[in-house]
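Trainee:
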Amino acid sequence: MLARFLDSDFVYSFRRSPVAVVSTLVVLACVVGAVGAPWLAPHNPFDLASLSLMDSLQPPVFMADGTAAHLLGTDDQGRDVLSAIMYGTQISLMIGFLAIIFALVVGITVGLVAGYMGGAVDALLMRVTDVQLTFPSILIALLVDGVARAVLPRDFHDRMQIYVLVFAIGIARWPQFARTVRGSTLVERGREYVMAAKVIGLSSPRIMASHILPNVLGPVLVIATLNLGLAILDEATLSFLGVGLPPTQPSLGTLIRIGNDFLFSGEWWVTIFPGVMLAVMVLSINLLGDWLRDALNPRLR
Amino acid sequence: MSLLDVQDLTVEFPTRRGVLRALDGVSFSIEAGEVLGVVGESGAGKSLTGAAIIGLLEPPGRVAGGRILLDGARIDDLPADRMRAIRGKQIGAIFQDPLTTLNPLYSIGRQLVETIQTHLRLSDRDARARAVKWLEDVGIPAARERIDAYPHEFSGGMRQRVVIALALCAEPRLVIADEPTTALDVSIQAQIIALLKNLAREHGTSVMLVTHDMGVIAETADRVAVMYAGRIAEIGPVREVVKHPAHPYSEGLMGSIPSLTHRVERLRQIDGAMPRLTAIPQGCAFNPRCEKVFDRCRVERPDLMEAGRSRAACWLYAAENAHV
Amino acid sequence: MFAFILSRILQAVPVLLVVGFISYAMFAFVGDPVTIMLGQDYTEAQRVALVHQLGLDQPFFVQYAKYMWAALHGNFGISYRMARPVGDLIAERLPATLELSLTSAVLAVLVGVPMGVYTGIRRNAVVSRIFMIFSLLGVSLPTFLIGILLILLFSVVLGWLPSFGRGDVVHFAHWSTGFLTPLGLKSLILPAITLGLFQMTLIMRLVRAEMLEVLRSDYIKFARARGLSQRAINFGHALKNTLVPVITIIGLQIGGLVAFSIVTETVFQWPGMGLLLVQSIGVADIPVMAAYLQLIAVVFVCINLIVDLLYYAVDPRLRMDRGRATGGH
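Residue numbers (the numbering used here), protein chains in the order written: chain A, 20 to 320; chain B, 434 to 757; chain C, 25 to 353.
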């Protein structure tokens, strides 16, 4: 099984593609650095006791006044930029992943039901996705977040902000999954093996889950990868706009927002390093998604 | 001198598992005014031969060896712009599916005028008159009114007539017709073939008619080439190949045509399938399916050799066997 | 033709009604407009008066109908934050957003389409590869980061271009334009690039993909077999066939520009609707959010209509079907 996988065209084209290999390594490095932040980061930016205003706004190590203690410099509160980036990446990645999982669950369910049931259910569900797809996801996420702010009590909202963001971004991204899954389901539904499953009396949910679902996973994986990058950007954008995560719990977007205030006074590192981190991570994920799409769909090559 | 002379043409596709040889030493010629039928199963290399002649092989396919001569001049190594001047003007092409060969966004008149003016120095008015004339010649009713219609306003058979007009409108000397009737309704296939044959005769155009339909070849072609696994198995006058096929593969192919003139117990079929390009057997490519196979067939690959009035790539006709 | 437009407009009505319903639901149920508008100290009489004034004592559907009717007349209620009619707030800021979006759209199309055509035709050329890398950057770099980088380079380091605001504007009745003053135009450059870059790369990638698809088609092969020039094939036959899908996406993208301007306007403190929306979301100013949602819906409907009309112009099959469908009656 493993040997066959390793000999497949898929693995072959992966190993032949330097872009795919490098971006996988970068994504892995991001994940390791983010998940391992509590152990790997040189400082704990949330430990208020260790922060000192004496250390504030130090430049990175390669500049004249830089020190090895803070490789990428510090921000206005003396927080180590490198450590803040590692913790921030952790939050950004987590929200991105959770949002995509949420979008996946909603999208796959809707897509399967619409494609399998057909008729009025299908028409209604697809109309909903059509209307939602006309609106950019960032706008929907913004509005969902705004409504959450209005509905939830202030301090409760602040505590739940991560989940609000996951919900807002996930709800903005599910229609694409629904569309794709429905399309593939329509195709699979007509195949003989589904007919056969019906004939032997399997229930509809059972057929959907165990027969149709595995066959639509390929395209879904591609969309999930490409959307993961976009979801991370969504979160960063919301945080940058000041409606995402607060400075006490900074994601990459929040760090960029904080740093943006120092751009004009010359302390560029506070904003540029988190920005570069975000760009490199999302670029790698997008490259990987692009490659996946081409590898799973040879016609496009 | 032949109009078209293909010598030892080899076409290869580089792939991950090595280079695939899709055409292997294909040689034949077409005389002026002649109709050459090319038959074989799908994948035998018929269409590829046509594509190589007009210089439109799909990458990564490439001509890896041999020569193609038009009027004695090589055309397989011409620079792109000179080859372009030959396409349409010297060699026309007709494709399989008329539904997809016409650009849906332009009227058929525009597409005709465009082609005519690309190759002939004619004013807009003259080019349009010529386009109308061609539409009439291919049997489009009310051509003068229909010339500004769009492809989707025609039926499949009518569209293939338009395609024929497009292929012939600059009066090429050779037309490569690649399965021109396969996508059409059976009832109009004969009309289209007859139209093509008559127009070619009127204008003295040679035709290379690629098809898997032996019936069409028998009615239309002067000579026929039978292809198998990227090589020519047999080539000869059409009557000869149909009545007395020399190559065992041709024999099998002819055995599969229902005959009206004499009763046959049942249509014969050849056991097995044509090998994939990745797994062409040693020796004669047909040997695993051949009823008359003998030792030499499994080891050595036969080239075309005299076999009665035809030429066949089969060891049965090797000089030493012929004497036995 | 007329019937075609009419049917498209009729199709848009349910969408507008649904979006209107969502905005009304936000307006009516999210937060309590009465307590927000009255602040801390109020008498019961004041409260009742306001409830009546806002029509909150009427049945739900009556309220919804009234809300939509008012919205149709540009009346979207009072902003909680600014205590001014939302309609006025939006009208003041609409020109800034539309001018910015329009400039970005023109930029994105004028640069994106030729780049896409080039990379589609010369898919292996060095320049194509550079374009593709550039486009990946455009898709992966978040808009706000592009804005920040542009500000850092052109405003902070080089000092060539202004980093915020619209510069000088000229007023015509209800419209204010930055197109007519040097500073207004200079101020437009960075925001327009920031906003347009993502769309530009998206359009480029789309045009490229469509070109590759079309160049593989039978009618392009046949055009080659007829000996047409490369130019006629690429620009006459291929490009026109890519237009149908490209127009759709460009239409959607340009609608997206108006919404995406939220981010750009925040980075450049551009006094448009997007900035207004972000400021409103921060304090849960629901009437502004509801009005913005409706306005965006109208923008999208208008763009969809334009897209449909362009299809009509490009694709004879559509003209034909329509002609038959209407001619038959």
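All C-beta atoms, glycine included, are put in the ideal place defined by N, C-alpha and C. Predicted, not measured: the structure shown is a model, and the values here were computed from it.
Relative to the alpha-carbon of Arg146 of chain A, which residue among A:Gly165, A:Val166, A:Arg201 and A:Val46 has its alpha-carbon at the smallest distance?
Mentor: Here the closest residue by C-alpha is A:Arg201.
Trainee: Please give me, in chain order, every unbroken run of the alpha helix (DSSP H) with length at least 4 that falls completely inside the segment 186-216 of chain C.
Mentor: Taking only runs of at least 4 residues, no alpha helix (DSSP H) segment lies wholly in the segment 186-216 of chain C.
Trainee: Any idea what DSSP makes of Phe446 of chain B, helix, strand or coil?
Mentor: Correct three-state label for Phe446 of chain B: strand.
Trainee: Between which residues of its own chain and Ile244 of chain C is the CB-CB distance below 7 Å, once the five residues before and five after are set aside?
Mentor: Contacts found: Val238, Ile257, His261 and Ala262.
Trainee: Any contact between the segment 30-38 of chain C and the segment 319-329 of chain C? By contact I mean 3 or more CB pairs, one from each, below 8 Å.
Mentor: Result yes; three or more Cβ-Cβ pairs closer than 8 Å.
Trainee: Is there a Cβ from chain C that is less than 8 Å from the Cβ of Lys522 of chain B?
Mentor: Lys522 of chain B counts as touching chain C.
Trainee: Which residue's Cα is closest to the Cα of Gly590 of chain B: B:Ala513, B:Arg495, B:Thr644 and B:Ile621?
Mentor: The residue with the shortest Cα to Cα distance from Gly590 of chain B is B:Ile621.
Trainee: Going along chain A, which residues have a C-beta under 7 Å from Thr290 of chain C?
Mentor: Neighbours of Thr290 of chain C on chain A, chain order: Leu260.
Trainee: Checking contacts by CB at 8 Å: is Phe246 of chain C closer than that to chain B?
Mentor: With 8 Å as the cut-off, Phe246 of chain C counts as an interface residue toward chain B.
Trainee: Cα separation between Gln440 of chain B and Phe461 of chain B?
Mentor: Distance between the alpha carbons of Gln440 of chain B and Phe461 of chain B: 7 Å.
Trainee: Using beta-carbon positions only, say whether Ile597 of chain B and Leu555 of chain B come within less than 8 Å of one another.
Mentor: No.
Trainee: Please confirm if His353 of chain C has its CB atom under 8 Å from at least one CB of chain B.
Mentor: Confidence at His353 of chain C is low in this model, with a pLDDT of 34, below 50, so its placement is unreliable and no value can be given for it.
Trainee: What does Ala506 of chain B pair with, by DSSP beta-bridge criteria?
Mentor: Answer is B:Leu503, bridged to Ala506 of chain B.
Trainee: Leaving out five residues on either side along the sequence, give the residues of the same chain with a beta carbon under 7 Å from the beta carbon of Asp99 of chain A.
Mentor: Contacts found: Pro61, His62, Pro64, His89 and Thr93.
Trainee: Please check if any C-beta of chain C sits within less than 8 Å of the C-beta of Thr153 of chain A.
Mentor: Output row for Thr153 of chain A: interface = yes.
Trainee: Determine, for Arg346 of chain C, whether the minimum Cβ-Cβ distance to residues of chain B falls below 8 Å.
Mentor: Its pLDDT being 41, under 50, Arg346 of chain C is placed unreliably in this model, and the value from its coordinates should be taken loosely. For Arg346 of chain C, the answer is no, since every Cβ of chain B falls outside 8 Å of its Cβ.
Trainee: What are the boundary residues of the alpha helix (DSSP H) that includes Arg117 of chain C?
Mentor: Unbroken alpha helix (DSSP H) run through Arg117 of chain C: Val110 to Ile145.
Trainee: DSSP on Thr67 of chain C, reduced to helix/strand/coil?
Mentor: The answer is coil: DSSP assigns Thr67 of chain C none of H, G, I, E or B.
Trainee: Per the contact definition of three or more C-beta pairs closer than 8 Å, is the segment 451-459 of chain B in contact with the segment 655-664 of chain B?
Mentor: Yes, since at least three Cβ pairs between the segment 655-664 of chain B and the segment 451-459 of chain B fall closer than 8 Å, the two stretches touch.
Trainee: Under the three-state reduction of DSSP, which class applies to Pro266 of chain A: helix, strand or coil?
Mentor: Looking at Pro266 of chain A - three-state DSSP - the assignment turns out to be coil, as it is neither helix nor strand.
Trainee: Would you report the Cα separation of Phe121 of chain A and Ala53 of chain A, rounded to the nearest angstrom?
Mentor: The alpha-carbon atoms of Phe121 of chain A and Ala53 of chain A are separated by roughly 21 Å.
Trainee: By the DSSP assignment, the alpha helix (DSSP H) with Leu456 of chain B in it spans what residues?
Mentor: Looking at the DSSP string, Leu456 of chain B is not in any alpha helix (DSSP H); the run it does join, the beta strand (DSSP E), is Gly451 to Ile463.
Trainee: With a CB to CB cut of under 8 Å and the five nearest residues on each side skipped, what residues in its chain are close to Val213 of chain A?
Mentor: Only Glu207, Ile226, His230 and Ile231 meet the Cβ criterion.
Trainee: Under the assumption that Ser270 of chain A contacts Ile110 of chain A (Cβ atoms under 8 Å), give the Cβ distance between them as a whole number of angstroms.
Mentor: Yes, Ser270 of chain A and Ile110 of chain A are in contact; Cβ-Cβ is about 4 Å, under 8 Å.
Trainee: Is Gln96 of chain A helix, strand or coil by DSSP?
Mentor: Coil at Gln96 of chain A, not helix or strand.
Trainee: List the residues of chain C whose Cβ lies closer than 8 Å to the Cβ of Val150 of chain A, in chain order.
Mentor: What Val150 of chain A touches in chain C: Val39, Val42 and Val43.
Trainee: Which word fits Thr350 of chain C, buried or exposed, when buried means at least 16 other C-beta atoms lie within 10 angstroms of its C-beta?
Mentor: With a pLDDT of 36 at Thr350 of chain C, under the threshold of 50, the predicted position of this residue should be treated as unreliable, and no value is reported.
Trainee: Less than 8 Å separating the beta-carbons of Phe100 of chain C and Ser187 of chain C?
Mentor: Their beta carbons are not under 8 Å apart, which means Phe100 of chain C does not touch Ser187 of chain C by this criterion.
Trainee: Answer yes if the segment 305-315 of chain A comes into contact with the segment 481-493 of chain B, meaning at least three C-beta pairs across the two stretches below 8 Å, and no otherwise.
Mentor: Taking 8 Å as the limit for Cβ pairs, the verdict is that the segment 305-315 of chain A does not touch the segment 481-493 of chain B.
Trainee: Sort out for me which residues DSSP pairs Asp438 of chain B with in a bridge.
Mentor: Answer by DSSP bridge pairing, in chain order: B:Ser462 and B:Leu502.
Trainee: Rounded to whole angstroms, what is the Cα-Cα separation between Ser32 of chain A and Pro721 of chain B?
Mentor: Roughly 34 Å separates the two Cα atoms.
Trainee: Under 8 Å, do Arg117 of chain C and Arg520 of chain B count as touching if we go by C-beta distance?
Mentor: Going by C-beta atoms, Arg117 of chain C is not nearer than 8 Å to Arg520 of chain B.
Trainee: Would you call the CB atoms of Glu289 of chain C and Thr201 of chain C closer than 8 Å?
Mentor: No, the Cβ-Cβ distance between Glu289 of chain C and Thr201 of chain C is not below 8 Å.
Trainee: May I have the straight-line CA-CA distance separating Cys723 of chain B from His680 of chain B, to the nearest angstrom?
Mentor: Between Cys723 of chain B and His680 of chain B, the C-alpha separation is close to 10 Å.
Trainee: For the alpha helix (DSSP H) holding Leu299 of chain C, just list the boundary residues, first then last.
Mentor: Residues Met297 to Gly306.
Trainee: Should Asn707 of chain B be labelled buried (16 or more other beta-carbon atoms within 10 Å of its own) or exposed?
Mentor: Note on residue identity: the sequence assigns Met, not Asn, to residue 707 of chain B. That one is buried.
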